[in-house]
Structure formats: C-alpha cells, structure tokens
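S.K.: Quick one: this structure, given as structure tokens, is what I'll be asking you about.
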Amino acid sequence: MVQFQKWTIILVLGIILAAIVTALPNLFASERLQAMPGWFPKNQVNLGLDLQGGSHLLLEVDLAALEEEHLESLLDSIRVSLRRAQIGYTNLAARGGTISVEMRDPARTEEARRLISEAGDGIEVNADGPLISVRFEDATLQQLRSHAVDQSVEIVRRRIDEFGTKEPTIQRQGSDRILVQVPGDRDPERLKRALGTVAKLTFRFVDDNVSAEDALSGRLPPGTELLPGENGRQEVVQKRVMISGENLVDAQATFQDGQPVVSFRFDSIGARRFGDATSENVGRRFAIVLDNRVISAPVIREPILGGSGIISGSFTVDSAQELALLLRAGALPAPLNILEERTVGPGLGADSIEAGKIACILGAILVMAFMIAVYGLFGLFANLALVVNVLLIVSAMSLLQATLTLPGIAGIVLTMGMAVDANVLIYERIREETRAGRGPVMAIDAGFRRAFSTILDSNLTTVIAAALLFQFGTGPVRGFAVTLTIGILASMFTAIMLTRLMVVTWLRQRRPSAVPI
Numbered sequence: 141m142v143q144f145q146k147w148t149i150i151l152v153l154g155i156i157l158a159a160i161v162t163a164l165p166n167l168f169a170s171e172r173l174q175a176m177p178g179w180f181p182k183n184q185v186n187l188g189l190d191l192q193g194g195s196h197l198l199l200e201v202d203l204a205a206l207e208e209e210h211l212e213s214l215l216d217s218i219r220v221s222l223r224r225a226q227i228g229y230t231n232l233a234a235r236g237g238t239i240s241v242e243m244r245d246p247a248r249t250e251e252a253r254r255l256i257s258e259a260g261d262g263i264e265v266n267a268d269g270p271l272i273s274v275r276f277e278d279a280t281l282q283q284l285r286s287h288a289v290d291q292s293v294e295i296v297r298r299r300i301d302e303f304g305t306k307e308p309t310i311q312r313q314g315s316d317r318i319l320v321q322v323p324g325d326r327d328p329e330r331l332k333r334a335l336g337t338v339a340k341l342t343f344r345f346v347d348d349n350v351s352a353e354d355a356l357s358g359r360l361p362p363g364t365e366l367l368p369g370e371n372g373r374q375e376v377v378q379k380r381v382m383i384s385g386e387n388l389v390d391a392q393a394t395f396q397d398g399q400p401v402v403s404f405r406f407d408s409i410g411a412r413r414f415g416d417a418t419s420e421n422v423g424r425r426f427a428i429v430l431d432n433r434v435i436s437a438p439v440i441r442e443p444i445l446g447g448s449g450i451i452s453g454s455f456t457v458d459s460a461q462e463l464a465l466l467l468r469a470g471a472l473p474a475p476l477n478i479l480e481e482r483t484v485g486p487g488l489g490a491d492s493i494e495a496g497k498i499a500c501i502l503g504a505i506l507v508m509a510f511m512i513a514v515y516g517l518f519g520l521f522a523n524l525a526l527v528v529n530v531l532l533i534v535s536a537m538s539l540l541q542a543t544l545t546l547p548g549i550a551g552i553v554l555t556m557g558m559a560v561d562a563n564v565l566i567y568e569r570i571r572e573e574t575r576a577g578r579g580p581v582m583a584i585d586a587g588f589r590r591a592f593s594t595i596l597d598s599n600l601t602t603v604i605a606a607a608l609l610f611q612f613g614t615g616p617v618r619g620f621a622v623t624l625t626i627g628i629l630a631s632m633f634t635a636i637m638l639t640r641l642m643v644v645t646w647l648r649q650r651r652p653s654a655v656p657i
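Here's what the structure looks like:
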C-alpha cells in the first residue's frame, strides 16, 4: 500500500487536472463563456428551478371533454352505419355519457342494435322497444382516461423540449394531473400558451350548400357544424375528418410572398389520403381546422400529391413558430386546465445560492479546523483531499449536465463531512498500529489496507440508498441523490488514492522515525 507505480501517479494527477479544466467554465458568466474559443469547455452545472427561478404549473387533463369527444365520434359512426343499412331513425343524440336513438321501424331494432354494436369497441348497447341506448363500458373509460393522461405527459414533454429547456420536471400526479416545473423560463405566458393549446389539427370539407346565416337560424344539415373562421367569418364544415394532424411528420415556420406561413408534411399514409381527397374534390373548399377554429379555407385548384402543403392565415412570425412547434409535438388528447401556477423569481434563487455558499464555506472551515486540530499534518492532507473532492463534484456535474437544486447543495455539504470520514477511519487505524509498536511504514501500510474494506462497505450502502432516492424520488430529492452519489464516489477516490499518494510522498521524502498523528 505504500508503493505507487508511475502510471498510478500520472492517473491521479491527470484526473485532478481534468477536473480543474472541466470545472473552470463555472467561474464565467454564460455570455462570457460563449465568447471563448471553440476548444474551451463550455459545460456548466445546470441550476434547478429553486436556484435560477422558473415556472411551476399544475395541470389537469379535462377527461370530461375527452369522453364527450369520443362519444361524439361514436355517434357519427352510428349515424353512418344506420344510413348505410338504410335503417330509419330519429332523435339521435348524446346526453350524460349515453347515446340514444329511436328506430322508426321497431321491427328493425335488433338489426340496428347489432350494427351499432359493431360501430365501436368496448361499448354497451341496450334496446328498450324501439329505443336503443349506447354507452362506453367502465373498463373502456378507465383505459381511455389513463392512456390520455400518459399521452398528455409525453406531448407536454415534447413541447417543452422544443423550447430547448434543460432538465424540466414533468411527472404525473394522481389520476388526472401533471406537474410541470421549467427552470429558467423567462416567458411563462408563452409556456402557458404552449401547454394550454390542444393543437388538434384536422382537414375537413366546407359545405357551401348552406350559408352561415342559415346555420345560425337553425337550418344546419346533419353531420356538419358551424365553426368560427378568419376575420370574424363563420364556416359550415363537415364533421367528418378528411385527414388529421396525427399523420403529420414535420411542420416549420417559413415565408410565402413575404408573409409568415407554416409548411407541413404528411407521412406516407397521410400523403395518400390527402392526395386521394384532393384528386376527387377539385374545385371544392377544404377547411384547415385548429382546435375547432377554421384558420384557412382554400379552394382545391388541383390534386396535391406531394404529401406537403402550406397553412396560411393572419400569422405573425412568433405565432407561426408557435403553431409549427405545437404541430411537431402533436395534439393533446384533451384540454389541459391550469390548477396552480407559480413563478419562482431569480432573486429567490440567488438568495438560495448565496445561503448554500455560506453553508458550504462554513462547513468546510469547521471540518478543516477539526482535522488539523486532531490529526495535525495528516489533517492537512485530508483537507487538501477535501478541496479536490468538491472540485471533482463540480466537474462531474458539469460533464453530466446534472441539475443542482437546493437539496443538492445540502448533499454537497453532507458529502464534505462524509469525505473526511474515510480519512478518519484510516488515521485511527494508523494510530492503533502505532500504539501496537509498529514502525511508520508498517503502521501506514496497515492503516490504509485494513480500513479499505470498511470504507468500501459503508460507502456502498450509502450509494445504494442514493440510487433508490434517485429512482423513486422526484425533482429536488433526485438532485440530492445525484450530488450525494457523485460526492461519495469522489470521496472514495480522494481518500484511497489522493490522500495515500500525499502520505506516501511525505513518507519517502522525510523518512520519519515516528508518525505525527
């Protein structure tokens, strides 16, 4: 244990040098860092929401709207099925989670019930005379709700990732809620717009056989609806969707004739559907509907076979970019309602960082003073190793782009105390060997060798606990686990390798007759 190979010395010094280089960017402001040469490392420790400020949102998935939408879709399927079978019906409507329809010919009720049963999966169809009622099964509704929340979490994550935000916290809470924490977001209103928009894009045909005035007076043909459009106009459009935004693979903000527009591109299935629909309906108008609002209703001049197109409207550059972002991320399965909104200012984060600095400095001073008072020169070695330990933590977090939170600072302070704990075990073992009459070389060799297993066992159990905190914890708890784990690994390196290197170097140069410990 008192022998060091040259390659081992080079490795230890190389790791320390690398740590200094990778931790160095944290001494510069971000703007100054970007002006540095390309070879200069630029990775800094990411600060969490509680340190640099940001937005905190608690969202609720509107499951009632989701169920109503699926019920309307089922109602359209029932209407189509009955018409194809030429079965007369009346009073087809959806109320309170149930669709009801009355047969004109009671003799065909059983035939209609069988057709309706095939119109959708997971539904209950009951007949009472000529009246048929349809509802979703409880298991189907439960699966629909769970899938919608999981899908919403993924789409929220994709939308926030489009902002380039580092280390956002996005997690499901309960049965229908989503917690969103975005560090460093300086435009919370833009974030709310991005998350509050469903971004459901559909392409439907306009029914030009009926005017908006007729529709407003109650003469709205079945299978159509009246939607708001551009410049206060209203359009009568078919409920049947020609193609939906689910088939989009890309959307980008661009310019056409000097005006901001959004270009889009379909996948192969969407391109084929779009090409067929435009080929068969040249001369008709089709509506581009976003969240039940017609943003454009152009005339199909010729078949569109390339699978791509342009959405034009009253866009600004920012609104075109936001729409493109939403379309790329995908549509939410249901609207999101904001239940709780908090904005953490950077001033609070700065106060937390300052308090964390004071805690770290004070903790380091007390630990260093104790080590020197109890162990003298060997305590100085441990203190130098402690400085390198903190340096390694900052370096590792910079390389991994890990997020530092306020509990993470607490983890660093705790690690500082645990870092010297390994040295204490080694030094106390050396004292015991010295009292037993061993010489300096034998005492130091036995101290490091016999304390190694104890250090390894104690740190391994702590790493396991930290790994469990990281796996099952959230936000700040995970930040604490990250700094604790990195700190433990760094403390093992500094205690077993660096401290031993300093002690062995001193031993070879001074050749003492007794260990000053």
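With the first letter of the sequence shown counted as 1, position 229 gets the number 369 in our numbering; the numbers rise by one all the way through. Using N, Cα and C, we set each Cβ at its ideal position, and we do this for glycine too.
Residue 161 to residue 151, Cα distance in whole Å?
M.R.: Going from the Cα of residue 161 to the Cα of residue 151 covers about 15 Å.
S.K.: With a floor of 3 residues, list each beta strand (DSSP E) that falls wholly inside the segment 284-367, ordered by position along the chain.
M.R.: List check, beta strand (DSSP E) in window: 309-313, 317-323 and 341-345.
S.K.: What distance in whole Å lies between the Cβ atoms of residue 426 and residue 343, which are believed to be in contact at a cut-off of 8 Å?
M.R.: About 6 Å; that satisfies the 8 Å criterion.
S.K.: What distance in whole Å lies between the Cβ atoms of residue 456 and residue 400, which are believed to be in contact at a cut-off of 8 Å?
M.R.: Contact holds; Cβ gap of about 6 Å.
S.K.: Buried or exposed, going by whether 16 or more other CB atoms sit within 10 Å of the CB of residue 355?
M.R.: It counts as buried.
S.K.: Taking the alpha-carbon of residue 294 as reference, which of 184, 310, 404 and 279 has the nearest alpha-carbon?
M.R.: Ranking 184, 310, 404 and 279 by Cα distance to residue 294 puts 310 first.
S.K.: Could you pull out every residue in the same chain whose Cβ sits closer than 8 Å to the Cβ of residue 341, ignoring the five residues on either side in sequence?
M.R.: Here the set comprises 384, 385, 388, 428, 429, 430, 467 and 471.
S.K.: Quick check on the DSSP output: what are the complete alpha helix (DSSP H) runs of length 4 or more inside the segment 238-288, in order along the chain?
M.R.: Complete alpha helix (DSSP H) runs here, min 4: 249-257.
S.K.: Any contact of the segment 518-535 with the segment 575-589, i.e. 3+ C-beta pairs under 8 Å?
M.R.: Touching, no.
S.K.: Under 8 Å: do the segment 393-408 and the segment 345-352 share three or more Cβ pairs, one atom per stretch?
M.R.: They do not touch, by the three-pair rule.
S.K.: Can you list, in chain order, the residues of its chain with a C-beta nearer than 6 Å to that of residue 559? Leave out the 5 residues immediately preceding and following it.
M.R.: Once the five neighbours on either side are set aside, the close Cβ partners of residue 559 are 526, 529 and 631.
S.K.: For residue 599, report the span of its alpha helix (DSSP H) as first-last.
M.R.: Start and end: 580-612.
S.K.: Say whether the segment 268-288 touches the segment 233-250, bearing in mind that this needs 3 or more beta-carbon pairs closer than 8 Å, one atom from each stretch.
M.R.: Output reads yes: the segment 233-250 touches the segment 268-288.
S.K.: I need the straight-line Cα distance from residue 523 to residue 579, nearest angstrom please.
M.R.: One C-alpha to the other measures close to 25 Å.
S.K.: Within its chain, find whatever has a CB closer than 6 Å to the CB of residue 508; leave out the 5 residues flanking it on each side and keep chain order.
M.R.: 523.
S.K.: Going by Cα to Cα distance, which pick from 555, 396 and 360 is closest to residue 376?
M.R.: Nearest option by C-alpha distance: 360.
S.K.: Determine the closest residue to residue 202 out of 300, 288 and 494, with distance taken between C-alpha atoms.
M.R.: Per the Cα distances, 288.
S.K.: Tell me residue 482's beta-bridge partners as DSSP assigns them.
M.R.: DSSP, once it has assigned bridges, lists 196 as partnering residue 482.
S.K.: I need the DSSP call for residue 491, collapsed to helix, strand or coil.
M.R.: Note: residue 491 maps to helix in three-state DSSP.
S.K.: Using the C-alpha atoms, what's the distance from residue 209 back to residue 555?
M.R.: Roughly 53 Å between the two C-alpha positions.
S.K.: Let me know if residue 184 comes out buried or exposed under the rule of 16 or more other beta-carbons within 10 Å of its beta-carbon.
M.R.: Label assigned to residue 184: buried.
S.K.: Roughly how many angstroms separate the alpha carbons of residue 441 and residue 460, rounded to a whole number?
M.R.: If I take the Cα positions, the gap works out to 24 Å.
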